[in-house]
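To start, the structure itself, in structure tokens.
Residue numbers (our numbering): 16 to 557.
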């Protein structure tokens, strides 16, 4: 360090009295003070800064790969139902619908479909940031917490959900918030935290019913960490009432809104039977029907599939490293805080059950909360296996060098994960649904009816209700058949033919069925999603 006069502090100390040396020390202290203050500030704000860095890095990647607009299947429905405040397929998703409407209205950028996709990305990035917060709370270094949080963000199933309108990213964000609230309740025992958990859990069920799979772990942790305070009559009764009011309040949206006959109105939630059908997952036979011993046996037999999932989502090497760190982390938590370890294991395992048993094509987003918990315990394990041994080394310069090398190696993990999963997650140039709508609607005659199936019908709904295209056209798909007493698409065609122009965009095995009863004419090959548009021109002559 150089003195203002031009000589170094060491030179001054050699040739001047002791008092001058003391003065020079004071000068050095003053010059170094700003650096110390900056470092102190960074340490004090390490949690917020790490969370912000995780959020920024996640969003930077998500914005490069997010779907730019409309999509088929469930995504198209969620992009539409939020706009019209309708009733989505089971479990109804009332909280997601309301939050989506508010978000899309308050952020008037690009198309409504893009806003819903963007909301999913934001929710996933916030959940990742919350993971970093919890990890640092449990003595994980900011660097390791940053790496683990990005591991969650770039896991393939998380990333795919973040790229499109998907209520399960909102659900994992709520689940992450519940675990942070649980920690505060466990630390303080203040009933305000338990009440916050109750209301967030109750209302949060309206994001996606799969959150109910996390509640056994949440409730168990709340009980075993502060049993006396939990069972205090006033505390427990108020918490129970808040949870019930939250759940009933958010799901009351379904019958209230259904009574207004919104454009999209899945099921008949005005009636108790219809309400149960939607809320309890009637389209897959009802969630309660899967809580049986035979189904449990099926889930146990299918457990090896879980390892295959994580090999796909985290890559083979990532799965091996993650499992190793997670086992060490869970063991560490058993020693430090067995209650948390027990409940995290419960919270990881239970959401996997519906993923293994419910017959739906893609259930990978059911386990986003499991991903979150896995990466949290993996962060604890990485801290124990890598950081703690380095910190015990006596030689300062060697310790610092080794820490930098280990930090660089850890940072390579999420970078490599993002690189491997990028192509599978990248949707930035995906416009098939928009093309299907743009090609189909101009070809339809006035007052036409389109008999479709769940894949393209949701995109057609968006074109009609959100973009205002062809309000004269009626879109009928398999989700509406039972409401009219029809069992197959041919019944719908028979009802409308002769009254209105009838078209179909059939599922791959439906066209031959239609041809048995009707003469069909190819109107256009849409060149996306394997779709073609046909017109019904008359009955088959026998």
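Backbone N, C-alpha and C define an ideal beta-carbon position, used for all residues, glycine too. The structure displayed is predicted, hence computed values, not measured ones.
Status (buried if at least 16 other CB within 10 Å, exposed otherwise) for residue i
i	result
residue 249	exposed
residue 59	exposed
residue 307	exposed
residue 246	exposed
residue 534	exposed
residue 556	exposed
residue 138	buried
residue 519	buried
residue 274	exposed
residue 353	exposed
residue 272	buried
residue 381	buried
residue 45	Summary for residue 45: the model assigns pLDDT 47, below 50, so the residue's position carries little reliability; its value from the coordinates is reported in the next sentence. Per the 10 Å Cβ criterion, exposed.
residue 412	exposed
residue 91	buried
Beta carbon of residue i nearer than 8 Å to that of residue j
i	j	result
residue 473	residue 541	no
residue 396	residue 347	yes
residue 95	residue 452	no
residue 243	residue 198	no
residue 440	residue 174	yes
residue 146	residue 129	no
residue 110	residue 222	yes
residue 384	residue 155	no
residue 548	residue 484	no
residue 420	residue 414	no
residue 425	residue 215	no
residue 423	residue 466	no
residue 12	residue 177	Since the first and last residues shown for the chain are 16 and 557, residue 12 lies out of range.
residue 277	residue 115	no
residue 237	residue 200	yes
residue 97	residue 445	no
residue 471	residue 487	no
residue 185	residue 328	no
As assigned by DSSP and simplified to three states, the class of residue i
i	result
residue 524	coil
residue 549	strand
residue 37	Confidence in residue 37 is poor, its pLDDT being 49 and thus under 50, which makes the residue's placement unreliable; the coordinate value appears in the next sentence. If DSSP states are grouped into helix, strand and coil, residue 37 belongs with the helices.
residue 375	coil
residue 124	coil
residue 321	helix
residue 327	helix
residue 102	strand
residue 399	helix
residue 198	helix
residue 462	coil
residue 450	helix
residue 280	strand
residue 291	helix
residue 443	coil
residue 154	coil
residue 241	coil
residue 134	helix
residue 85	coil
residue 470	helix
residue 107	coil
residue 544	coil
residue 494	helix
residue 14	The chain is shown only over 16 to 557; residue 14 falls outside these bounds and no answer can be derived.
Element boundaries [alpha helix (DSSP H), containing residue i]
i	result
residue 416	411–440
residue 224	No alpha helix (DSSP H) holds residue 224; DSSP gives it neither H nor E.
residue 359	331–364
residue 98	88–99
residue 205	Premise fails: residue 205 is in no alpha helix (DSSP H) and is neither H nor E.
residue 555	No alpha helix (DSSP H) contains residue 555, which DSSP labels as neither H nor E.
residue 252	248–266
residue 175	171–177
residue 14	Residue 14 lies beyond the range of the chain shown here (16 to 557); nothing can be said about it.
residue 316	308–316
residue 73	61–80
Residue range of the unbroken beta strand (DSSP E) whose run includes residue i
i	result
residue 482	Element bounds for residue 482: n/a, residue is neither H nor E.
residue 534	533–540
residue 477	No beta strand (DSSP E) holds residue 477; DSSP gives it neither H nor E.
residue 518	517–519
residue 491	489–491
Whole-number beta carbon distance between residue j and residue i, since they are thought to touch under 8 Å
i	j	result
residue 113	residue 268	7 Å
residue 433	residue 169	5 Å
residue 85	residue 477	5 Å
residue 225	residue 369	6 Å
residue 181	residue 87	Residue 181 to residue 87, Cβ: 13 Å. No contact.
Proximity test, Cβ basis, 8 Å: residue i and chain B
i	result
residue 381	The structure shown contains no chain B, having only a single protein chain.
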